[in-house]
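Residue numbers (the numbering used here), protein chains in the order written: chain A, 421 to 682; chain E, 21 to 245. Cβ atoms here follow ideal geometry from the backbone N, Cα and C, with glycine treated the same way. Notes to accompany the following structure.
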Amino acid sequence: MAGQLLKETLLKIDHLRKAYGDTVVLKDISLTVHKGEVIVVIGPSGCGKSTLLRCINGLEPIQGGSITLQDKPIDGQSKDIAQIRQKLGMVFQNYELFPHKTVLQNIMLAPLKVQKRDKEEVRQMAEQWLERVGLLDKKDSYPRQLSGGQKQRVAIVRALCMEPEIMLFDEVTAALDPEMVREVLDVILALAKAGRTMVIVTHEMSFARAVADRVLFLDGGEIVEEALPEVFFDHPSTDRAKKFLSTFTYDAVRHHDVPQNY
Amino acid sequence: MEALGIDVLFKGSNFMRLLGGLWVTVELSLISVAISMVLGVLFGIIMTSKNKAVKIISRIYLEVVRIMPQMVLLFIVFFGATRAFDLNFSAETACVIVFAFWGTAEMGDLVRGAVTAIPKHQYESSYALGLTKSQTYYYIVIPQTLRRLIPLSINLVTRMMKTTSLIMMIGVVEVMKVGQQIIEANRMTSPNAAFGVYATIFLFYFIACWPISLLASKLEKKWSD
Ligand SMILES: Nc1ncnc2c1ncn2[C@@H]1O[C@H](COP(=O)(O)OP(=O)(O)OP(=O)(O)O)[C@@H](O)[C@H]1O
Ligand SMILES: [Mg+2]
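Structure follows, in structure tokens:
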């Protein structure tokens, strides 16, 4: 990425420290996200990936360091946090759509009530996005009438219609049946192609490799490796990363010439 | 007609008297229900408090109300309290006190259940969309709470209406009592009056409660996620 240095910095995390009581979950995280970049965060369960995204969104108080979005500090307690959150589109693991609202109502609520935008304009935008993710015919359905993959695509559209600067994805396919993973990841891949800035937490390694500009490997609350995807996946430089990546491959335990009458 | 004892209903003003008794039942239920709903919402919100003392006290209140038969409560309030504290209130007042005391506890527990049943994620995805705290309550939490609450509280209302039949025990002349009086008065002329009168009362209760339960199950179906 040649012009990287010239690119606008959107998100800057500086020596972030996060603890629950005495347990330190994020030790000393520093990260800069430029406009148009796709950062993939991977790491073992419990290493603090979700916590990192929640801190970026001001859902968790932090114990040290700073997080700024376009030079404005993110602080869950401050009065203008709602203002800042509009620029951060977050999609959670458990597709938290609002069960008492239809797909369209779910999508239009925040643009209308938070951003006070024009209803017709928002509706058109929502329908365009629904069309693009193949769900226009579901616009008047309730969340309970949708499959997991469909709900998750709606949740993505809901976040997109706020016109955020950065999208944050927290294991958005982890709760899905395998055959639905693809339809959701394809939407995210399309967003990456269109040049969206994203921070993605995922356990889907081949997806990570395809979508990432940079991979962050998080372990024990710190960034252990930060590298281009090809470098990270093919030549991880730390033992911890090697060990983690090896959990995704299986060694053959049987040889095909042995069990003849299997 | 004679054999079923329905004929007594058409003697004199019997039917109107029975209707008058029904009105007493409905009136007392409605007053108690109204008080219970208002106090119950307040009590329910108090019950969601994290304060230990508040939790224990409200728990004790709820358990006492649940364990005590309503009849015992009625006797305590009407006969006990009037004697012990030299209070002098009517049987109707006693019954409103007891039913509101009971209804507030039950309603409070329903409200507590409905509020705490909203998952934390609902709040978070709302905040993440930039909604403020009060917008989150207004658009997300309260509508979902009401949807859970309304069918449940309608069931409570029918339960309270039915239980009002107990108040004849402390001398309130409600529909059951009127029925008994009619049966007594016509013992000689129509010995089968009991069946007709009670069947009619059954019908009254059914007509009063059935539409309410029907509404409840309809709403429940409509709003179930
Ligand atoms: N509210 C909380 N209170 C106390 N500890 C917490 C809380 N939330 C998370 N933790 C701890 O913080 C650590 C990091 O959690 P986090 O959810 O960020 O992990 P993760 O990397 O997202 O894991 P996974 O891949 O399983 O989603 C875990 O050890 C967890 O037990
Ligand atoms: Mg997580």
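A direct Cα-to-Cα measurement between A:V631 and E:S145 gives close to 25 Å. Excluding residues up to 5 positions away in sequence, K438, V445, L446 and E480 lie with their Cβ nearer than 7 Å to the Cβ of A:T471 in the same chain. Judged by their CB atoms, A:I462 and A:F637 are nearer to each other than the 8 Å cut-off. Look at A:A595 here: in three-state DSSP terms it is coil, with no helix or strand label. For A:D639, the shortest separation between its Cβ and any heavy atom of ligand 2 does not lie below 7 Å. As DSSP reads the structure, A:I433 sits in a beta bridge with A:L451 and A:I487. In this chain, the beta strand (DSSP E) harbouring A:T617 covers T617 to V621.
With a cutoff of 7 Å, A:V534 does not count as near ligand 1, since its C-beta is closer than that to no heavy atom of the ligand. Against chain E, a Cβ distance below 9 Å from A:F512 picks out H141, E144, S145 and A148.
E:I227 counts as exposed, since fewer than 16 other C-beta atoms from the protein chains shown sit within 10 angstroms of its C-beta. Listed by position along chain E, the residues whose Cβ is nearer than 9 Å to that of A:V534 are L149, G150, L151, T152 and Q155.
Counting only the Cα atoms, A:A579 lies some 16 Å from A:E541. Within the same chain, Cβ atoms closer than 8 Å to the Cβ of A:R634 are found at E457, V458, I459, V460, E646, A647, L648 and P649, the five residues on either side in sequence being excluded. For ligand 1, the residues with a Cβ under 5 Å from any of its heavy atoms are, in chain order, A:Y440, A:V445, A:S465, A:G466, A:C467, A:G468, A:K469, A:S470 and A:T471.
E:Y147 is positioned such that its CB atom lies closer than 8 Å to that of A:R505.
A:V460 carries a strand assignment under DSSP once its states are collapsed to helix, strand and coil. Put simply, of A:Y562, A:K663, A:C581 and A:E624 the residue whose alpha carbon is nearest the alpha carbon of A:V592 is A:E624.
Here DSSP, grouped into helix, strand and coil, assigns A:K571 to helix. Distance from the C-beta of E:E144 to the nearest heavy atom of ligand 2 is not below 7 Å.
Taken residue by residue, none of the region 599-611 of chain A has a beta-carbon sitting less than 7 Å from a beta-carbon on chain E.
For A:L596, the closest of A:C581, A:R573, A:T617 and A:L609 by C-alpha to C-alpha distance is A:R573.
Not a single heavy atom of ligand 2 lies less than 7 Å from the C-beta of A:E480.
For A:H520, the closest C-alpha among the options E:W122, E:R167 and E:L130 is that of E:R167. Contact between E:S56 and E:T124 holds, since their C-beta atoms are separated by about 5 Å, short of 8 Å. The three-state secondary structure of E:P139, taken from DSSP, is coil. The residue from E:V116, E:V44, E:V131 and E:V84 with its alpha-carbon nearest to that of E:L94 is E:V116. Apart from the 5 residues on each side of it in sequence, A:F589 sits with its Cβ closer than 6 Å to the Cβ of V511 and I620 in its chain, given in chain order. The alpha-carbon of E:E112 is positioned some 9 Å away from that of E:I190. The alpha carbon of A:E551 has as its nearest neighbour, out of A:V453, A:V607, A:V601 and A:G466, the alpha carbon of A:V607. Distances from the CA of A:Q570 to each of A:M582, A:E599 and A:Q544 were compared; the closest alpha carbon is that of A:E599. Judged by the Cβ position, A:D590 qualifies as a neighbour of ligand 2 at the 7 Å threshold, a heavy atom of the ligand being closer than this. Between E:G25 and E:N212, the C-beta spacing is below 8 Å.
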